[in-house]
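Visitor: Residue numbers (full-length UniProt numbering): 1 to 275. Structure provided below as structure tokens; questions to follow.
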């Protein structure tokens, strides 16, 4: 049984009770308190204004209200808005709070395509990294309790594609094979190295960020989130994802061929030479 794996009996035992120990709950509470305190400090350092419109966006209407109030404010206090935006985005990513797609739309509406994409990719990568390290503290018991099957699938895929792991992680970022929030939280548990996670996140989020941020330029024309991704956008993302994972698939097939058709000693010599 591989590292981090549990038998069915162990999984049932974990799922039958609250998965976190007192120490883990205390650790998680401390982290949450630190983030909330940071957000409060950002809020208190903002220039005086009426902030009654501020809230985490949940709908397109929320984004349109935020844009209406923030357009003139952003031109006067650009740095403060950028800091506040990044703080909120990272907070949402760290604790897997839904709504970051609305934040990406807001970035496009306020800052345009180029600046908006740079802002979203930076904030999303920072937030994903924060979630990655938060999971190192408390993620294992939660994942085994909540999503054991999904975690087992992810762990098997990572183990199988270890030599081309960056390609596989890029594929996951570019396609909806697994939710991004799950990838962020599960990656340290299945032993994805942080540098691989970081590069795959930084590069893999760019295409989807571009699509969403660009849609923010015409925010008033959107009727639903489904309007963000037309067939051409989805097909393009899948094509890029397939291209990214092709080297991994080729590597697996080569190993299977060598194992079946070549003598064991010769295979080992070849693999040793390629490494």
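Glycine included, every Cβ here is placed at the ideal spot set by N, Cα and C. In this text the structure is predicted, and so the values were computed from the model without any measurement.
(1) Could you give the DSSP three-state label for residue 189: helix, strand or coil?
(2) Among the residues of its own chain, which have a CB less than 7 Å from the CB of residue 188, if the five just before and after it don't count?
(3) Would you report the Cα separation of residue 33 and residue 43, rounded to the nearest angstrom?
(4) Give me the residue from 198, 154, 66, 103 with the minimum Cα distance to residue 214.
(5) I need the DSSP call for residue 252, collapsed to helix, strand or coil.
(6) Please identify the residue among 61, 18, 212, 199 whose C-alpha is closest to the C-alpha of residue 128.
(7) Could you have a look at residue 126 and say whether DSSP puts it in helix, strand or coil?
(8) Expressed to the nearest angstrom, what Euclidean distance is found between the alpha-carbon atoms of residue 208 and residue 174?
(9) Could I get the ranges of all uninterrupted alpha helix (DSSP H) runs contained in the region 18-96, with 4 residues as the minimum, in chain order?
(10) In whole angstroms, what is the alpha-carbon distance linking residue 254 and residue 157?
(11) Kindly list the residues whose CB is nearer than 6 Å to the CB of residue 126, restricted to its own chain and excluding five residues on each side of it in sequence; keep chain order.
(12) For the candidate residues 106, 56, 83, whose alpha-carbon lies nearest to that of residue 41?
(13) Find out if the Cβ-Cβ distance for the pair residue 222, residue 109 is shorter than 8 Å.
(14) Give me the Cβ distance between residue 276 and residue 181, rounded to the nearest whole Å; I'm assuming they're in contact under 8 Å.
(15) Can you tell me which of the three DSSP states residue 174 falls into?
(16) Just the C-alpha distance for residue 192 and residue 114, rounded to the nearest angstrom, thanks.
(17) In whole angstroms, what separates the C-alpha of residue 87 from that of residue 121?
(18) Rounded to the nearest angstrom, how far is the Cβ of residue 81 from that of residue 70, given a contact under 8 Å?
Guide: In terms of the structure at hand:
(1) As a first step, residue 189 must be located in the chain shown, where it is residue number 189. DSSP places residue 189 outside both helix and strand once states are collapsed to three, so it counts as coil.
(2) Counting from 1 along the chain shown, the entry for residue 188 is found at position 188. Excluding sequence positions up to five before and after residue 188, its CB lies within less than 7 Å of the CB of 132, 135, 136, 139, all in the same chain and listed in chain order.
(3) Numbered from 1 along the chain shown, position 33 holds the residue referred to as residue 33. Numbered from 1 along the chain shown, position 43 holds the residue referred to as residue 43. Residue 33 and residue 43: Cα-Cα distance of roughly 15 Å.
(4) In the chain shown, the residue the question calls residue 214 occupies position 214. It is 103 whose Cα lies nearest to the Cα of residue 214.
(5) Position 252 of the chain shown, counted from the start, is the residue given in the question as residue 252. Unreliable positioning characterises residue 252 in this predicted model, as indicated by a pLDDT of 46, which lies under 50. A coordinate reading is not provided.
(6) Position 128 of the chain shown, counted from the first residue, corresponds to residue 128. Restricting attention to 61, 18, 212, 199, the CA atom closest to the CA of residue 128 is found in 199.
(7) On the chain shown, residue 126 is found 126 positions in, with the first residue counted as 1. In the displayed model, residue 126 falls within a helix according to three-state DSSP.
(8) Along the chain shown, one-based indexing puts residue 208 at 208. Along the chain shown, one-based indexing puts residue 174 at 174. When rounded, the distance between both Cα atoms is 7 Å.
(9) Runs found: 22-44, 60-76, 78-94.
(10) In the chain shown, residue 254 corresponds to position 254, counting from 1. In the chain shown, residue 157 corresponds to position 157, counting from 1. Confidence in residue 254 is poor, its pLDDT being 43 and thus under 50, which makes the residue's placement unreliable; the coordinate value appears in the next sentence. Roughly 17 Å between the two C-alpha positions.
(11) Against the chain shown, residue 126 aligns to sequence position 126. Answer for residue 126: 90, listed in chain order.
(12) By 1-based counting over the chain shown, the position of residue 41 is 41. Ranking 106, 56, 83 by Cα distance to residue 41 puts 83 first.
(13) As a working note, residue 222 is residue 222 in the chain shown. As a working note, residue 109 is residue 109 in the chain shown. For residue 222 and residue 109, no; Cβs fall outside 8 Å.
(14) In the structure displayed, the chain extends from 1 to 275; residue 276 sits before or after that span and is not available.
(15) Numbered from its first residue, the chain shown carries residue 174 at position 174. For residue 174, the secondary structure class from DSSP, reduced to helix, strand or coil, is helix.
(16) Here residue 192 corresponds to residue number 192 of the chain shown, with the count starting at 1. Here residue 114 corresponds to residue number 114 of the chain shown, with the count starting at 1. Each residue's Cα considered, the two are about 30 Å apart.
(17) Position 87 of the chain shown, counting from 1, holds the residue named residue 87. Position 121 of the chain shown, counting from 1, holds the residue named residue 121. The straight-line gap from Cα to Cα measures roughly 14 Å.
(18) One-based indexing of the chain shown puts residue 81 at position 81. One-based indexing of the chain shown puts residue 70 at position 70. For a cut-off of 8 Å, the C-beta gap from residue 81 to residue 70 is around 7 Å, short enough to register as a contact.
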